[in-house]
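Novice: Numbering (our numbering), first residue to last: -6 to 348.
For reference, the structure I am asking about is given below.
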Amino acid sequence: MNTLPPGSTIGIIGAGQLGRMLGVAAAQLGYRIHVFAPASGPACDVNNAFTAAAYDDEAALAQFAEAVDVVTYEFENIEAAPIATLAKSVPVRPSAQALSIAQDRTQEKTFVEKLGGRAAPWRAVTNRQELDSAIAEIGCPAILKTIRFGYDGKGQARLASADDADAAWDAIGGNPAILEGFVDFDHEFSIVLARGMDGAHASYPPPLNGHEDGILARSTVPAPAQVAALWTEAAALAGRVADALDYVGVLTLEFFAGKDGPIFNEMAPRVHNSGHWTIEGAVTSQFENHIRAICGLPLGSTAVTGSRVEMENLIGDQAKRWPRIIAEPEAHLHLYGKSEIRPGRKMGHVTRVWR
Ligand code: AMP
């Protein structure tokens, strides 16, 4: 295995909180961090070097490639083409192919379905007429989701009946989309799986994920028995997806749990908000395992450190509760250093571990 020893420099594309937590994990293992992003962000508080440039600035990317030993990315809403070019001069992990599949809802669903995953019924919709045909085939209620650049419930519109078609089409700006049948689920959960350069897998117990206004509000481990019973099947699917992509790093698959077993929703080629609980709640965090994987180190244990773990996101004004949270005996407070509080903005999180 091509191990990058501590002291090497890891390039991170993106300067958000995921990059910040990756940076902390990398520093703990003795690596240096070089962040590449158009503007400064939470990751810049923990880096050794920062390049401020557009994600498609090929000259800046070429210089970045010279300065680092491996490149990873901390979010998927970047063009895959410049990342593929970058991969010609420096290892990019996970690959540009994983990025390009995961950022396109039609491609990710087709890819996962071919590997035996089940998704809600869906149809690609590229114009208003196709939306009518998709409604006729799938029925309502349904959700219209843009194919690209959707996150935290953005780029989505719900249709209670066919009468909502015009409003839904306008709400997503008439962009290429999929119409997806509404899943009658009991719970939402995710599989966070690390795959090493040697093909080894390590997956965390699935948390129960609770959303508010389309944004993750909390993840709880252990999940109810109904979710825990789906772990093996869902983790095996995530493993097949990772193997098929020759994936290196942490990969997240989100699922609905209902009476029909795990229904695949979407995947992210990166560490994930639903894995933040692993910083204190697992022996090796998702961030450390991502760093280990991309540097060719053996993966660490994903065992849970407590009898119960809960991660609560601090969104918008909720971050103002920090003085009370820090006084709780089982609370681990994480603030992302964002100066401006905005509604819906992830400002930090708190993890509570009960031994
Ligand atoms: P997504 O961006 O696809 O993760 O969707 C955001 C949230 O919308 C999910 O976490 C679910 O709570 C809800 N959602 C998305 N797709 C469906 C669906 N097909 N049926 C029911 N709820 C959904």
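All C-beta atoms in this analysis are idealised placements derived from N, C-alpha and C, irrespective of residue type, glycine included.
The model shown is predicted, which means the values in this text are computed figures rather than measured ones.
(1) By alpha-carbon positions, which one of Pro87, Ala275 and Leu223 ends up nearest to valine 234?
(2) Is glutamine 149 helix, strand or coil by DSSP?
(3) Shortest alpha-carbon distance to isoleucine 184 belongs to which of Gly174, Ala158, Pro215 and Leu172?
(4) Alanine 95: beta carbon under 8 Å from a heavy atom of ligand 1?
(5) Mind checking whether the beta-carbon of alanine 113 lies closer than 8 Å to any heavy atom of ligand 1?
(6) Per DSSP, tyrosine 329 forms a beta bridge with which residues?
(7) For arginine 285, which three-state DSSP category applies?
(8) Check whether the Cβ atoms of glycine 189 and alanine 286 sit closer than 9 Å, and answer yes or no.
(9) Taking 8 Å as the limit between beta carbons, can you name the residues of its chain near arginine 314, skipping five residues before and five after?
(10) Rounding to the nearest angstrom, what Cα-Cα distance links leucine 326 and glutamine 122 in this structure?
(11) Nearest-angstrom Cα distance between threonine 65 and glycine 274?
(12) Let me know the secondary structure DSSP gives glycine 23 once reduced to three states.
(13) Checking the sheet assignment: what are the DSSP bridge partners for alanine 117?
(14) Using three-state DSSP, classify lysine 81 as helix, strand or coil.
(15) Between the alpha carbons of leucine 244 and glutamate 181, how many angstroms are there, rounded?
(16) Decide if the region 65 to 80 is in contact with the region 217 to 229; the criterion is three or more beta carbon pairs, one per stretch, under 8 Å apart.
(17) Cutting at 8 Å between CB atoms, please list the residues of its own chain near proline 169, excluding the five before and the five after it.
(18) Taking DSSP as the reference, what is the three-state secondary structure of proline 41?
(19) Given isoleucine 84, which residues of its chain have a CB within under 6 Å of its CB, disregarding the five upstream and five downstream residues?
(20) Consider the C-beta atom of phenylalanine 178 and the heavy atoms of ligand 1; say whether any pair is separated by less than 8 Å.
(21) Within 10 angstroms of the Cβ of alanine 160, are there 16 or more other Cβ atoms? Answer buried if so, exposed if not.
(22) So does the region 5 to 12 actually touch the region 21 to 37, counting three or more Cβ pairs closer than 8 Å?
(23) Measuring alpha carbon to alpha carbon, tell me which of Ser196, Ala261 and Glu205 ends up nearest valine 297.
(24) What's the call for valine 61, buried or exposed, on a 16-neighbour Cβ count within 10 Å?
(25) Going by DSSP in three states, threonine 139 sits in which element: helix, strand or coil?
(26) When you measure from the CB of histidine 204 to every non-hydrogen atom of ligand 1, does any distance come out below 8 Å?
(27) Would you mind reading off the limits of the beta strand (DSSP E) that contains glutamate 303?
(28) At which residue ranges does the region 188 to 250 contain complete beta strand (DSSP E) runs of 3 or more residues, listed in the order of the chain?
(29) Please check the pair alanine 91 and proline 262, which I expect to be a contact at CB under 8 Å, by giving their CB distance rounded to whole angstroms.
(30) What does isoleucine 256 pair with, by DSSP beta-bridge criteria?
(31) Can you name the start and end residues of the beta strand (DSSP E) that glycine 274 belongs to?
(32) Taking 8 Å as the cut-off, is the beta-carbon of glutamate 67 closer than that to any non-hydrogen atom of ligand 1?
(33) Provide the residue span of the beta strand (DSSP E) that contains valine 343, from first to last.
(34) Taking valine 350 as part of the alpha helix (DSSP H), name the residues at either end of that continuous run.
(35) Verify the contact flag: glutamate 181, CB atom, against every heavy atom of ligand 1, threshold strictly below 8 Å.
(36) In this structure, does DSSP put glutamate 181 in helix, strand or coil?
Specialist: For this structure:
(1) Pro87
(2) strand
(3) Pro215
(4) no
(5) yes
(6) Tyrosine 329 is not bridged to any residue.
(7) helix
(8) yes
(9) Leu307
(10) 49 Å
(11) 24 Å
(12) coil
(13) Ile171
(14) coil
(15) 17 Å
(16) no
(17) Ala117, Val118, Thr119, Thr139, Ile140 and Arg141
(18) Per the sequence shown, residue 41 should be read as asparagine rather than proline. Coil, per DSSP.
(19) Reading off the sequence shown, one finds proline at residue 84, where the question assumed isoleucine. Only Val63 meet the Cβ criterion.
(20) yes
(21) exposed
(22) yes
(23) Ser196
(24) buried
(25) strand
(26) yes
(27) 301 to 308
(28) 194 to 196, 201 to 205 and 208 to 214
(29) 5 Å
(30) Phe249
(31) It is not in any beta strand (DSSP E) - glycine 274 instead sits in the alpha helix (DSSP H) that spans 271 to 274.
(32) no
(33) 339 to 347
(34) In this structure the chain extends from -6 to 348, so residue 350 is not present and cannot be described.
(35) yes
(36) strand
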